[in-house]
Every structure is written in structure tokens, then in C-alpha cells.
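Chains A and D are the protein sequences, given in the same order. When we follow this note's numbering, the leftmost residue of the first sequence carries the number 1, and every step to the right adds one. When we follow this note's numbering, the leftmost residue of the second sequence carries the number 1001, and every step to the right adds one. Each residue gets a CB set at the ideal place from its N, CA and C atoms; glycine is no exception.
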Amino acid sequence: MTVEPLPTSPAVPFQESARVALANTQLRRNMGKATQTIRGKRANSVGELPDWQELREAGRAIKERVLRHLDDYLVQIEESVRRAGGHVHWARDAAEARSIVVEIAKRHGTKEVVKVKSLTTDEIGLNPALQAEGIEPIETDLAELIVQLAGDRSSHFLVPAIHKNRSEIRELFKRKLGLEHLTDEPKALAGAARAHLRAKFLSAKVAVSGVNFGVADSGTVSVVESEGNGRMCLTLPEVLVSVMGLEKIIPTWQDFEVFLQLLPRSSTAERMNPYTSLWTGVARGDGPKEFHLVLLDNGRTKVLADPMGRQALYCIRCSACLNICPVYERTGGHAYNSVYPGPIGAILTPQLAGVDNAPSLPYASSLCGACYDVCPVKINIPDVLVHLRGKVVRSKQQKGGWPGAEGLAMKFLARVFSGRRSFERAQRLGRLAQKAVVRDGVISKLPGELAGWTAMRDAYPVAPQTFREWWETRS
Amino acid sequence: MSQARLEILRRVREALRDVPAAETAEGVAVPRDYRRADPTPREERIAHFVERVAEYRAIVRRVGADGLADAIASACAARGVRTLVAAADVPSSWIPPGVSALRDDLLTNEQLNGADGVLTGCALGIAQTGTIVLDGGAAQGRRALSLLPDYHLCVVREDQVVGIVPEAVAALAGSAGLPDRPQTWISGPSATSDIELNRVEGVHGPRTLEVLVVAG
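Written as C-alpha cells, this is what we have:
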């Protein structure tokens, strides 16, 4: 299986893939264990900072500033990177971005590129495009390597192989890397990856990375990582291509003081991640001789056009909302059918790809609001989910045709709720009609087209006497 | 200018029609009422730094100003280091007798990869997070030096240790953004959380980080 880019055609509904995922008990055990561990650690790490809420507000405000004036900042970062000796490319969509990167790799006659884990390059489907040109993309992040060796898909921002446990990884390494005597100790597994990739780092001519932050006024670009594979890719090859979503800009150097506190604690729950690299264009005698920055739109300007949904672009890809989400914890990332899973994915994917292409995702949530509480840049995910549900419905209405059972039911309810008399009449009718379906005081199964409502939950019957009826009997 | 550039800028401007034309970027308020400075007294700050570097499972020791050379020598001896990579401006007094210094005069990646360790200074340390920042300044050299050898021995002067992240960012403001001063922020040895979200030390970067905090 190849890594799929963002869905651009109606994907499998979340409800369907979730049902498949929920039936996988190993997956649920792995996910439950991993997310519980990280949730506890994050809470401790965040609790250490007395000014966490002030940092969140600053982070949110910086992102708001950037997005409201994105055109100015884009022009500014382009100028800054050029001044520092880098090349800047603009890509309207995934295909354009792919061909820019492939072209650079071909120009240098390389057969291999080393890659730092990057969601953005997954989003544009870069790896299959490189392979089609006979260039082997080598994923160097441990989890990304696991996913690549397994022919699997990523299921988490930070830990793409979160759905696999240590013994599954050992089996994979044994099979694919020919390592007979490997234990399932994480240390041994990490050591195996180190040995496997060292030669690749030393020989690769071209590296491809994503970008965590790009500073508009200096052109400084930053990659935040743990293993050192990022440093290898950013330092050793002669040519570096970094693909950056338009929204990853921050205005000034000073803004790092906010994000370098928010990101590590929210993602791996560490005070600081092991390695952060920051570079500006090309340094003499240090690192790549050629640096390319690709500015990627691919639907981001569509997200930007919705003043309410725009905040999804504040995201710094920390994955705190994935780890806290009761839905994600149980279904895992694959059920979302997107490079961007979890709560943030549920608001980002439908906006990037259009709500018609992912109409089930805004419903992949109980709206409990835990994601909003942990978001380091205060994206109000529940609000945007509700907003997008509205868009899904309106888009369905505009298309016309048979409104479906749900549409008819809502139309009926709208009429019932429009006046006191009709509402009370409906209650009396309901009391009669429900006799056929109430068992032990609840409705567990509604008939026919209404069955969907009770597929996952019980419905409560109309009370034998409503408050208003009781009130009237008093006088 | 390219077609794509014009098109993207046009899309952005169209998307932002709700933003009043008179609004400037600075007009969008960014409240910075988080902590910008740390009042912790110096001795306590250094102690914090040492404690937090150690929590990443790095080796860390405090030494007096006149004990540095000995501390470096015993650290190298303990690991059996015979070849030590060092930038051209690392003081000769730091190189222990009996250890051959590979001075960086365009050493190849293979040479770096084959060395037993690397010795650097740093730009600063951050007590709050146990972080060391290298910025290509004095006694640090280029980025590959502290990356390829499996053992990184780093000398941090006490007066280089700041309290919190915003103080570090302010202190680095002078060189940040200069093409010839790329930065690497290092917090402990190379690690990964990729297996069951547990931190494990030792992947691609140096698997052992040793920090000597020198008085003065």
C-alpha cells in the first residue's frame, strides 16, 4: 500500500472505518496504552509552567497576526530567504510541489533522497512521485521507517507507528532488515535503525524536509526533532529542499520564545525536545551548499477564506489533541482516512479537501472539548466542528434531490418546534407511538430509517408527564 | 515572477477580504505577559541546569575553573577516547595529553564518523529546560562536528547559563538570522519516543552527551 495523499474524492465514511478499527483489539490496546502514557506526562510538563495560559494566548495571537496579513509575510519571507542565499518556490497544489522537488532531485542526478519525517510531504504524496522517477525516498525517522518498511500508513503526527507495539516492530525489523537476533527492547530497536541508516546519511546528496517554523523577517527556518535524523539530513547532504505550508510563518526571531515552549511540552511532554535546528539560507562551509524552500498552498487559502475555520491553520502539529481525544484513542488514526487524523484532522481535512470530500469527519467527535483545552494555540476545535457540520448540511441541501431520512426528520422537527401547540401535540403523539419501542424505560432500537439514531446510543422516551403538564395540574 | 506566486498571493488576498484594509500586522495585538526573565539567583539557576541536563540522562559534572583540563582528561579516559574532534578555536589547553585532536580543517564526514568523540564549547545553556545551544560561535565549529561522533563532550561556563527560554532567545538575537550562524539546540543525547511513546536514548545523534559546567 502506498501512502495516500489527502482524500480528494469522497473517502470511506469515518463511521465505517471506525467500526473496522474498533474491532481490532490489538490496535485498541496499543493506542490506549500509548495515549494514556503521554497524557499523564503532558499534564506534568505543562503544569511546570506558571505562565502556560499566557504562552497559549501569545501563541494564538501570533498565529492570528500572521494569517490576517499572510500576503505581506509571504513576500517578506521570500525576500529574506533569497537574501540569505536560498531559493524560493511557490506551489499552488500537491502536483506542483511534487514536480518542484522531483525536478531538483533529478537535476542533481541522485538515485536516493533522505527524508526527515514531514506531514507536508505526506500530504503532497511525494514518495510515490519520487519512486516513479526512479529516485528512492528514504524515511529516516524511526517511526516513519517502521511505517515505510511495513508498507503501512501513518496514524499519528508525531509517532506515525503509534499503532504498533515493540514486538510487532521487532518482527518487522527481523523480516525487512534481516536482523535475526534482535530483542524487543526499544533501545535495541533504535540501535538497529541507527546502524541501518548511518551509511545512507553519509552518502546522500539530496535531503527533503518539512518546516516547523519559518521566520519572515530573517528567513530563518527551523526543524524540531528528537532522534538526530533531522540534523543529519539538514547538515550532511549538499542539497536541501524544505517544503513548508504557507501557514508555518512566524513574524520574528523573538516569537520562537513562545513556540519553543509550547511545542515540546505539548507533543512529547518534554521540557525541550532533544534537537532543534535553525538555519538561514546557506552557511559558508557548514551544511548544504544549496537550499530550496517550497511554499505550499494546496488548499490552505481555501481554509483561510473562512474567517471561522481559519484558526485550523494555527496548528503547530503537536498532536496533543490526538492524544487527549476519546474518539482517536479508540479508533486510532487510520479511521480518519487522512494524513491529518484526530480532532485537528477532523477540522483540517474537510477544509483542505472541501467538505464534500470528507463530509463524515466533522461528526467524528463527541464535542467534549478536551482538544480545545490542551491546544497550545487555542484552536477552538469543537466550535469549528459544529460550524463545519453546518456546512456539510448546507452543501447537501444545495445539491438538492432526495433529502434523506435525516433531512426529512429535521424538517419535521423544525415545524414541530416552531410553536407551543405543535410541540405539545407531538409529545402526546409520541407518548402513544413509543409504546411499541420502549423496553425497560429506554428506546434501544428505532425502526426503519430512524435506526441510525439508536445504532450507537439509547434514546429516552417522552416522559409520562412533562413539567408543563404537571405545572398545569397544580392550579 | 512565477505564475504560481501571483496566483497564490491573489488567493490569499481574496481569502482575507474580511480584514479591514487599514489594519496592519502590528495592529493585531500579541500580549506578551508570559515570563520574560527569571529572577532565580545564580547558584540556584546553575543547580537547576545541572539537574535538568541530568534528567535527560546526560552525564553532567561541575568543575572549578582550574579543574577543567583534568575533568576533560578523565572524561576521555573513562570512555577510552583516543581521537577527539575539535573546532580550530578550541583552546589547546582543553585537549588532554595522549589524546590526538582532529582539528577541523575541512575534515570529511568519514573522518568525523570515525572519531571517538567531539569536544565543544557552547553559546549558552538554559536552566529551565536543560538545553545547550550551539550557534557556530567560539569553540563550537560547524554543525557536523557535534553530530557524527557518538560522544559529545560539551563545556558550559556558569556565566553562560540563563534561566528561561525567552532569556536565551534574547541573548541569541544578535547572531540569530545570520546565514553563517546556524543554531542547534541540544537537550540531552539523541532520543526517540517512537516506540510506545516512551523516551529512549540513542538513535542517530551522539548517544552519549557529557556536560562539564565550569565555574566562572
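- Under a criterion of Cβ atoms nearer than 7 angstroms, the residues of chain A adjacent to L1178 of chain D are, in order, T280.
- Considering only beta carbons, the part of the stretch 1030-1045 of chain D lying closer than 7 angstroms to chain A consists of V1030, P1031, R1032, D1033, Y1034 and R1035, in chain order.
- With 16 or more neighbouring CB atoms inside 10 Å of its own CB, K164 of chain A falls in the buried class.
- Contacts with chain A at 8 angstroms (Cβ-Cβ) include H1204 of chain D.
- Here M456 of chain A is exposed. Its C-beta has fewer than 16 other C-beta atoms within 10 Å.
- As summarised for the stretch 268-305 of chain A, the continuous beta strand (DSSP E) elements at least 3 residues long and confined to that stretch are 275-280 and 290-296, given in chain order.
- Nearest neighbour of R1103 of chain D by Cα position, chosen from D:W1094, D:L1084 and D:G1114, turns out to be D:L1084.
- Scanning chain A for C-beta atoms nearer than 7 angstroms to the C-beta of E1210 of chain D yields nothing, as the closest lies near 15 angstroms away.
- In this structure, DSSP gives D1194 of chain D an extended state, which the three-state scheme calls strand.
- G1080 of chain D is outside the set of residues whose beta carbon lies under 8 angstroms from a beta carbon in chain A.
- Residues of chain D with a Cβ closer than 9 angstroms to the Cβ of E54 of chain A are, in chain order, P1031, R1032, D1033, Y1034 and R1035.
- The beta carbons of K205 of chain A and T110 of chain A sit about 5 angstroms from each other, so the pair counts as a contact at 8 angstroms.
- Nearest in C-alpha terms to D1066 of chain D, of all of D:P1182, D:N1198 and D:R1157, is D:R1157.
- DSSP places W471 of chain A within a helical segment (H, G or I) once states are collapsed to three.
- Listed along chain A, the residues sitting closer than 9 angstroms to S1002 of chain D by beta-carbon distance are H89 and W90.
- Taking the C-beta atoms as reference points, P251 of chain A is found nearer than 8 angstroms to I62 of chain A.
- Note: L240 of chain A is bridge-paired with A:A207 and A:F291 in the DSSP secondary-structure output.
- For H1048 of chain D, the uninterrupted alpha helix (DSSP H) segment begins and ends at R1042 to E1055.
- With 16 or more other Cβ atoms from the protein chains shown falling within 10 Å of its own Cβ, M244 of chain A counts as buried.
- Contact check for G191 of chain A against H1204 of chain D fails: the beta carbons are separated by 8 angstroms or more.
- As the crow flies, the alpha-carbon of V1050 of chain D is around 8 angstroms from that of V1213 of chain D.
- Scanning the stretch 144-210 of chain A for uninterrupted alpha helix (DSSP H) segments of 4 residues or longer gives 166-177 and 186-203, listed from N- to C-terminal end.
- Residue contact check for V159 of chain A against chain D: a CB pair falls below 8 angstroms.
- For the stretch 1064-1137 of chain D, the continuous alpha helix (DSSP H) assignments of 4+ residues that do not extend past its boundaries occur at 1068-1079 and 1109-1114, in sequence order.
- Residues of the stretch 1099-1119 of chain D that bring their beta carbon within less than 8 angstroms of a beta carbon in chain A comprise L1106, N1109, E1110 and N1113, in sequence order.
- Collapsing the DSSP output to three states places R317 of chain A in coil.
- Using a 10 angstroms sphere on the CB of G32 of chain A, the tally of other CB atoms stays under 16, which defines it as exposed.
- Look at the stretch 1056-1074 of chain D: it has no residue with a C-beta under 7 angstroms from a C-beta of chain A.
- As for any beta strand (DSSP E) of minimum length 3 sitting wholly inside the stretch 343-385 of chain A, there is none.
- With respect to the 8 angstroms criterion, H292 of chain A and V241 of chain A are classified as neighbours on the basis of their beta carbons.
- Sequence-distant partners of L385 of chain A (beyond 5 residues in either direction) whose C-beta falls short of 7 angstroms from its own C-beta, in its chain, are A346, I347, P362, S365 and L367.
- With distances taken between CA atoms, D306 of chain A lies nearest to D:V1012 out of D:I1008, D:S1002, D:E1007 and D:V1012.
- Contact note: L142 of chain A reaches chain D through T1192, D1194 and V1203, using a C-beta cutoff of 7 angstroms and chain order.
- The Cβ atoms of V102 of chain A and L130 of chain A sit closer than 8 angstroms to each other.
- Closest option to G1136 of chain D, judged by alpha-carbon separation, among D:I1126, D:G1174 and D:A1127: D:G1174.
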